[in-house]
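2 protein chains.
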Amino acid sequence: MRPLFHPAIEDVSPEAVLHALSDPSRAAIFANIMRAGCVEACSALSAVGDRVIPKSSLSNHFKVLREAGLIRSERHGIEMRNYSRWAEVNARFPGLLAAIINAYASDAGDTSRSSRTSPPG
Amino acid sequence: MRPLFHPAIEDVSPEAVLHALSDPSRAAIFANIMRAGCVEACSALSAVGDRVIPKSSLSNHFKVLREAGLIRSERHGIEMRNYSRWAEVNARFPGLLAAIINAYASDAGDTSRSSRTSPPG
DNA sequence: TCCAACAGTTCCGAAGTTCCGAACTATGGG
DNA sequence: CCCATAGTTCGGAACTTCGGAACTGTTGGA
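Protein chains in written order, with numbering that gives the first Met the number 0: chain A, 0 to 120; chain B, 0 to 120.
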């Protein structure tokens, strides 16, 4: 398999980054990679939580993250290792990734939305 | 026309915000509203710059921004005024909007991408 | 009241994107 | 070579986006 395409950091665009992270599954996968430093694609299946993602979709999610410049993928033997490009992206767009990951984290821990299923106890 | 739908701030989700701003036209419109404090929809036609946007698309862009919780639209006589909900959104997702607007601004002023048309002088 | 001009919205078909199961390719072990 | 594992590509259904034409709502003039 020929080497996967990774954009140079100066070709990483804000729209691609925002588009990639505007999908909660992809944001969760990316947050996981950031936390762990590195993650194998198949182990990310469980990482997204409740929702089971078919591997074709997962492959596509990794591709979108990779082509947005958010992760670097390396084949190691039989499996793919995915590393976050946090430092590079953060140097290019200071504070962007942290703010996004934070926004998702605070949203997940939020119980005050009006669409809640049951009223407060 | 009945009042337009605006989500409560606690119902504003990171994915909707990122999706709304992952379109460069919408990001430009929003950046404009932030700068000016308030903008009329039709005057935003020129605001996006080079590209002329048909009014049906423009109307849709404003709708996406409004339903993502980024702007508040009010009808004043014949025209619509659009205000940024920056303070509210910033309280909910600290630093997010500033980082995004900054990212687009630094990207626009960037001359180092490899897809440039001419080499450095 | 009727009409024209203007500001935005809605409708709807064409074009593009996303989703995911099935088939495929690449790597490693026996 | 054959099988198992890890991931990619294909292709069709479902969804989204774009934009022109027609529409609604508001103002001002006669």
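Note that beta-carbon positions come from the ideal geometry of N, C-alpha and C, so glycine has one too. As the structure is a prediction and not an experimental result, all values here were calculated from the model.
Check                                                                                                                               : Outcome
Neighbour flag for F4/B against chain A, beta carbons, 8 angstroms                                                                  : no
Nearest neighbour of E39/B, chosen from L96/B, R80/B, S111/B [CA to CA]                                                             : R80/B
8 angstroms CB neighbourhood of G36/A in its chain, flanking five on each side removed                                              : Y82, S83
Cα-Cα separation, M33/B to P93/B                                                                                                    : 16 angstroms
Backbone secondary structure at E65/B - three-state DSSP                                                                            : In the sequence on display, residue 65/B carries Arg and not Glu. If DSSP states are grouped into helix, strand and coil, R65/B belongs with the helices.
Secondary structure of H60/B, DSSP reduced to three states                                                                          : helix
Per DSSP, the bridge partner or partners of M79/A                                                                                   : R74/A
Cβ-Cβ distance between I52/B and P13/A below 8 angstroms                                                                            : no
Chain-order list of residues whose beta-carbon lies under 7 angstroms from that of R91/B (same chain, five-residue window excluded) : I8, V11
Through-space distance from V16/A to S21/B, alpha-carbon basis                                                                      : 8 angstroms
Backbone secondary structure at V88/A - three-state DSSP                                                                            : helix
C-beta neighbour in chain B for L69/A, strict 8 angstroms                                                                           : no
Where V11/B falls: helix, strand or coil (DSSP)                                                                                     : coil
Inter-residue spacing [alpha-carbon to alpha-carbon] between H63/A and H75/A                                                        : Checking the sequence, you will find Val at residue 63/A rather than His. The straight-line gap from Cα to Cα measures roughly 20 angstroms.
Buried or exposed (CB count within 10 angstroms, at least 16 for buried), G108/B                                                    : exposed
Alpha-carbon spacing of V88/A relative to P23/A, whole angstroms                                                                    : 19 angstroms
Cβ-based contacts, 8 angstroms cut-off: residues of the stretch 60–87 of chain B near chain A                                       : none
First and last residue of the uninterrupted alpha helix (DSSP H) at I52/B                                                           : Here I52/B belongs to no alpha helix (DSSP H), and DSSP marks it neither H nor E.
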